[in-house]
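Data block below; observations after.
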Amino acid sequence: MRVLIDTDPGIDDAIAILFALAHPELEVVGITTVAGNIGIGTTTRNALRILALAGKNVPVHAGAKGPLTREGVDETRIHGADGLGGVAFPEPRIEPSGTDAVAFLSETLMERPEGTIDILALGPLTNIAELVTRAPEAARRMRRLIAMGGAVHERGNVGPRSEFNIAHDPEAAEIVFAASLPFTLIPLDVTRKVRADHAYLARLADIGTPRAHAVRDLIAAYFDATTGGESRPLHDPCVPVLALRPELFRIESMKLSVNCSASELAGAIEPGKHMLDVAMGVEASEVLDLLSGAL
Ligand code: RIB
Ligand code: CA
């Protein structure tokens, strides 16, 4: 399965990327970065550092420096000043490629046979919105888009009803929702069920590989940076897992729109006009097993 990963690493993005790079059934054709959890310079540098740790040479293309029209939401309190919770990743071994993210996404989709590339979106949808706007013919060639974002019945993590990836750039999300792509959304309703506890950290530590140690350290940093509690949700890792094992998720079709107001509901997903698939249930322990098994 060939995938392009669009990401704002980001502690949980890093876990998702290390999993995707490690799993034998996934070929990561390229990584595009977007500003979100932290600025574009840091998300791009972090993508390169994650590749250095994994010993993989995958092209990295920097994308949007901010949302299409708004200021965006600050998340550094969770991901730390370096965006990776201070976890010791190597320095980048390669430079980011010259062409920008959207040019790379459209060139790759045009060059590769139609319907052979999945896009896995782990951050705000700014790059994807630019792709469907500037290169609709290329966008139509993707096999599918799988994105972490939104909250259906769950409370939000940015305001009462909004989830960060959508709330950071609601206009971009509405453009992507309206593009009639083969699109599966994984909201907080599912990702909050996939939780790493301290026993899981110990399990990861016993694996003994550098990537497993890095994931353990990333989750430990996640505990330190937030209200702790008994476990932490693994939001972005659900995206590559759904690509590989959709049968682990209960998927429903819904007609949704994105709230693009200036109120505290900005970024909330609401009953609306655009039909898309939404993951609403998950075999969480199976997802955790697949993650640790690949590392
Ligand atoms: O709401 C969770 C999402 O916001 C994840 O993608 C996480 O990386 C943060 O960006
Ligand atoms: Ca993310």
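If you number the sequence shown the way our numbering does, the last residue is 299 and the count never jumps. For glycine and all other residues, C-beta sits at the position ideal for the given N, C-alpha and C.
Please work out which residues of its chain come closer than 6 Å, Cβ to Cβ, to residue i, disregarding the five sequence neighbours upstream and downstream, and give them in chain order.
i: His27; result: Ala298
i: Leu192; result: Ala155, Glu158, Glu167
i: Ala151; result: Ala125, Leu189
i: Glu287; result: Leu252
Please report how far the alpha carbon of residue i lies from the alpha carbon of residue j, in whole angstroms.
i: Gly89; j: Ala66; result: 21 Å
i: Gly233; j: Gly84; result: 18 Å
i: Phe93; j: Ala125; result: 22 Å
i: Gly248; j: Asn263; result: Rather than Gly, the amino acid found at residue 248 in this sequence is Leu. Cα-Cα distance, rounded: 31 Å.
i: Leu238; j: Met114; result: 33 Å
i: Gly59; j: Thr103; result: 23 Å
i: Tyr226; j: Gly87; result: 11 Å
i: Ile44; j: Gly70; result: 8 Å
i: Ala300; j: Ala216; result: Lying outside 5 to 299, the shown extent of the chain, residue 300 is not represented and no answer is given.
i: Gly163; j: Pro96; result: 35 Å
i: Arg207; j: Pro13; result: 24 Å
i: Ile123; j: Ala203; result: 32 Å
i: Met284; j: Pro250; result: 12 Å
i: Phe108; j: Arg254; result: 33 Å
i: Ala4; j: Arg138; result: Residue numbering for the chain in the displayed model covers 5 to 299; residue 4 lies beyond these limits and cannot be assessed.
i: Pro275; j: Gly212; result: 46 Å
What span of residues does the beta strand (DSSP E) with residue i cover, start to end?
i: Pro275; result: 273–275
i: Ser261; result: 253–262
i: Thr120; result: No beta strand (DSSP E) holds Thr120; DSSP gives it neither H nor E.
When we look at the beta-carbon of residue i and count the other beta-carbons within 10 Å, is it buried (16 or more) or exposed?
i: Ala200; result: buried
i: Asp17; result: buried
i: Glu141; result: exposed
i: Met279; result: exposed
i: Arg236; result: buried
i: Ile98; result: exposed
i: Glu256; result: exposed
i: Pro117; result: exposed
i: Arg196; result: buried
i: Ser110; result: buried
With a threshold of 6 Å, establish whether the CB of residue i neighbours any heavy atom of ligand 2.
i: Leu246; result: no
i: Gly119; result: no
i: Gly154; result: no
i: Asp12; result: yes
i: Gly67; result: no
i: Asp240; result: yes
i: Asp17; result: yes
i: Leu126; result: yes
Cβ of residue i versus every heavy atom of ligand 1: is any distance shorter than 6 Å?
i: Glu167; result: yes
i: Asn41; result: yes
i: Asn61; result: no
i: Asn131; result: no
i: Asn263; result: no
i: Asn50; result: no
From which residue to which residue does the alpha helix (DSSP H) around residue i run?
i: Thr46; result: 44–58
i: Phe23; result: 15–26
i: Thr80; result: 80–83
i: Ser296; result: 288–298
i: Phe305; result: No answer is possible for residue 305: the residues shown for the chain start at 5 and end at 299.
i: Glu29; result: Looking at the DSSP string, Glu29 is not in any alpha helix (DSSP H), and its letter there is neither H nor E.
i: Phe93; result: No alpha helix (DSSP H) contains Phe93, which DSSP labels as neither H nor E.
Which residues in the same chain as residue i place their Cβ atom closer than 7 Å to its Cβ, once the five residues preceding and following it in sequence are excluded?
i: Gly34; result: Leu8, Val62, Pro63, His65, Phe108, Thr112
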